[in-house]
Amino acid sequence: MIEIKNVSKWYGSFQVLTDCTTQVSKSEVVVVCGPSGSGKSTLIKCVNGLEPFQKGSVVVDGIAVEAPKTNLPKLRARVGMVFQNFELFPHMTITDNLVIAQIKVLGRSREEAEDKGLKLLDRVGLKSQAAKFPGQLSGGQQQRVAIARALAMDPICMLFDEPTSALDPEMINEVLDVMVQLAHEGMTMMCVTHEMGFARKVAHRVIFMDRGAIVEDAAKEEFFGQPRSERAQSFLAKILQH
Amino acid sequence: MDYHWNWMFFFQETDDGLKYYDWMLSGLGWTTAVSLASLVVALLLGSVLGVMRTTPNRWLVGIGDTYVDVFRNVPLIVQLFMWFFVVPELVPETIGNWMKQDLPYIVTAVVGLGLYTAARIAEQVKAGINSLSRGQRFAGLALGFTEWQTYRYVRLPMAYRIVLPALTSEAMNIFKNSAVTYAVGILELYFQYKQIIEKTSQVLEITIVVTSLYFLLAFVMNRILAIVESRTRVPGLIVGSKGGK
């Protein structure tokens, strides 16, 4: 579904990604972790072309993201993405947030889009919030709406870029619950996250990144049981202490 | 003080058979027309330029930056003289003659005032767009929006809300700046003010009235935009002091 091949990226002379190669198969859940500044967020943004890269290739559902002829908006419309800071559109009601891209990008009718959007809103447990504005919701609620907004586009896969990092601790679980449910339904997911509990529960593979490179790319059991690299071992030791 | 107050002169007849208050009202009409038309030009062009300056395209940014540099750094009155007296000489003769003979003065004045104010509005629109988080653009793009659609549906609606206080100042300024167009022959309020002083010497009365009229115009514009501001306020969102200049 997602193939990342030898991707390298530079900001000027500073290399942020070094020869990254991995893939995510259909219905696979892959968790990407690593210390801050390791390039996780940059890598996941390369998948739908939000961040350009200078070398290598990213192929999503057979389409090369970096090819100049690729219709990026069309491709992105099929790849759902959830951001650290939710990024709901603050001037629109929750309903409008859910329907705008369905109408303007997919060409759905308002009724069809609302039907779809409100069903998903119900699914993330927020049906009663439809008429509110994002600023009136808690962080956890906003992030659940953001997931519903991405799902409303009927994505072939979902990208999560630290979806719980900006949340108060008591709101993390309500977001993770939605993600776990998605994983159980067979959604193809690539998740940048530090939530190792989530990784243990639903991930098939775990990727560990450090200084722009993929240091470890292993099945979940192997990663948590006995990471090969020293850096992954010390990272795990640090974040699993508590 | 031995000033001879005479408020009734407004109802005296002038040389052309009208009354002095007719002159005032006519001036008020022209001031309003020039100002509102210029404001429309400035908002449209200023928005386009402001957006251009936030795109990833170097050429668009360069054109927008150059425009703002030129039009913000030359005095308004010089710009008006350029449109009236210099530009007609620089364009092909037939067009130049048409500009000098047939083009209504008000069109040239509106172009001058509108293009000048557009540079200022471009600066504000740019500041508004840049004050939004980068993630808003990403979120729009990730949903399949084109770059333009992220402006249309995501970035501009918020940017305008943020810079509305600054745009309000601009809209009020344009009424005040429109007084400069008297210098290129627009028979607006300031022109009538000067003319009536020359004819009647009732300086205090006429100054009080004209000052009040300018105040009223700017004040009404301020109130209208205050209503727009409260109508477009986003529930749960604090924008407040982000407005800038």
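Protein sequence lines correspond, in order, to chains A and B. Per our numbering, the first sequence starts with residue 4, numbered consecutively. Per our numbering, the second sequence starts with residue -5, numbered consecutively. For glycine and all other residues, C-beta sits at the position ideal for the given N, C-alpha and C.
In this structure, how does DSSP classify Ala220(B) when only helix, strand and coil are distinguished?
DSSP places Ala220(B) in helix when its eight states are reduced to three.
Please classify Leu207(B) as buried or exposed, where buried requires at least 16 other C-beta atoms within 10 Å of its C-beta.
By the neighbour-count criterion, in which 16 or more other beta carbons inside 10 Å mark a residue as buried, Leu207(B) falls on the buried side.
Taking 9 Å as the threshold (beta carbon to beta carbon), is Ile103(A) in contact with chain B?
yes
From the DSSP output, which residues share a beta bridge with Tyr14(A)?
According to DSSP, Tyr14(A) bridges with Phe17(A).
Helix, strand or coil for Arg152(A) per DSSP?
helix
Could you pull the DSSP bridge partners for Lys13(B) from this structure?
Glu7(B)
Ala221(A), enclosing alpha helix (DSSP H) - first and last residue
Where Ala221(A) is concerned, there is no enclosing alpha helix (DSSP H), although the beta strand (DSSP E) it sits in stretches over 216 to 222.
Taking 9 Å as the threshold (beta carbon to beta carbon), is Arg217(B) in contact with chain A?
So no, Arg217(B) is outside the interface.
Extent of the continuous alpha helix (DSSP H) run through Met93(B):
Membership of Met93(B) in the alpha helix (DSSP H) is indicated by the continuous run 87 to 95.
From the beta carbon of Pro230(A), is the nearest beta carbon of chain B less than 9 Å away?
no
Should Phe92(A) and Ala133(B) be called a contact, given that it needs their Cβ atoms to be closer than 9 Å?
Taking a C-beta distance under 9 Å as the contact criterion, Phe92(A) and Ala133(B) qualify as a contact pair.
Which bits of chain B does Met84(A) rub up against, with CB to CB less than 7 Å?
Listed along chain B, the residues sitting closer than 7 Å to Met84(A) by beta-carbon distance are Ala136.
Under 7 Å, CB to CB, which of the residues in the region 18 to 48 of chain B have a partner in chain A?
none
Please report whether the beta-carbon of Thr102(B) lies at a distance below 9 Å from any beta-carbon of chain A.
no
Quick one: what does DSSP say Ile123(B) is sitting in, helix, strand or coil?
helix
What are the boundary residues of the alpha helix (DSSP H) that includes Lys58(A)?
Taken as a continuous stretch (DSSP letters only), Lys58(A) belongs to no alpha helix (DSSP H), being part of the beta strand (DSSP E) at 58 to 63.
In DSSP terms, what Glu6(A) is bridged to
For Glu6(A), which the question treats as bridged, DSSP gives the partners Gln26(A), Val62(A).
Using a Cβ-Cβ cut-off of 9 Å, state whether Thr225(B) counts as contacting chain A.
Rather than Thr, the amino acid found at residue 225(B) in this sequence is Arg. Not one chain A Cβ lies under 9 Å of Arg225(B).
Mapping the DSSP letters down to three states, classify Gly234(B) as helix, strand or coil.
Residue confidence is low: Gly234(B) scores 45 on pLDDT, short of 50, so the model does not pin down where it sits. No coordinate-derived value is stated.
I need the boundaries of the beta strand (DSSP E) containing Gly83(A), first residue and last residue.
82 to 85
Taking beta-carbon pairs under 9 Å, can you tell me which members of the region 134 to 149 of chain A lie near chain B?
Lys135, Phe136, Pro137, Gly138, Gln139, Leu140, Ala149
Span of the beta strand (DSSP E) holding Met212(A)?
208 to 213
Residues of chain B with a CB under 9 Å from the CB of Glu117(A): which are they?
Those do not exist, as Glu117(A) stays about 16 Å from chain B at its closest Cβ, beyond 9 Å.
How many angstroms separate the CA atom of Leu183(B) from the CA atom of Phe213(B)?
16 Å
Do the region 205 to 217 of chain A and the region 31 to 41 of chain A touch if we need at least three Cβ pairs shorter than 8 Å?
yes
Closer than 9 Å, Cβ to Cβ, to anything on chain A: give me those residues from the region 147 to 176 of chain B, in chain order.
Tyr147, Val148, Pro151, Met152, Arg155
If we ignore side chains and look at the alpha-carbon of each, how far apart do Pro69(B) and Val85(A) end up?
49 Å
In whole angstroms, give me the CA-to-CA distance for Gln186(B) and Thr226(B).
Whole-angstrom Cα-Cα distance: 38 Å.
Closest to Met18(B) by CA distance: which of Phe4(B), Ser125(B), Asn171(B) is it?
Across the set Phe4(B), Ser125(B), Asn171(B), the C-alpha of Phe4(B) shows the shortest separation from the C-alpha of Met18(B).
Range of the contiguous alpha helix (DSSP H) that encloses Met166(B)
First-last of the alpha helix (DSSP H) with Met166(B): 150 to 171.
Do Gly143(A) and Ile175(A) count as a contact pair if the criterion is CB distance below 9 Å?
yes
On the DSSP letters alone, give me the boundaries of the alpha helix (DSSP H) that Val62(B) sits inside.
52 to 67
Nearest residue (CA-CA) to Ala79(A), options Leu243(A), Ala235(A), Val195(A), Asp157(A)
Checking the sequence, you will find Arg at residue 79(A) rather than Ala. Closest by alpha carbon: Asp157(A).
Closer than 9 Å at the beta carbon, the chain A residues around Ser127(B):
Asn88, Glu90
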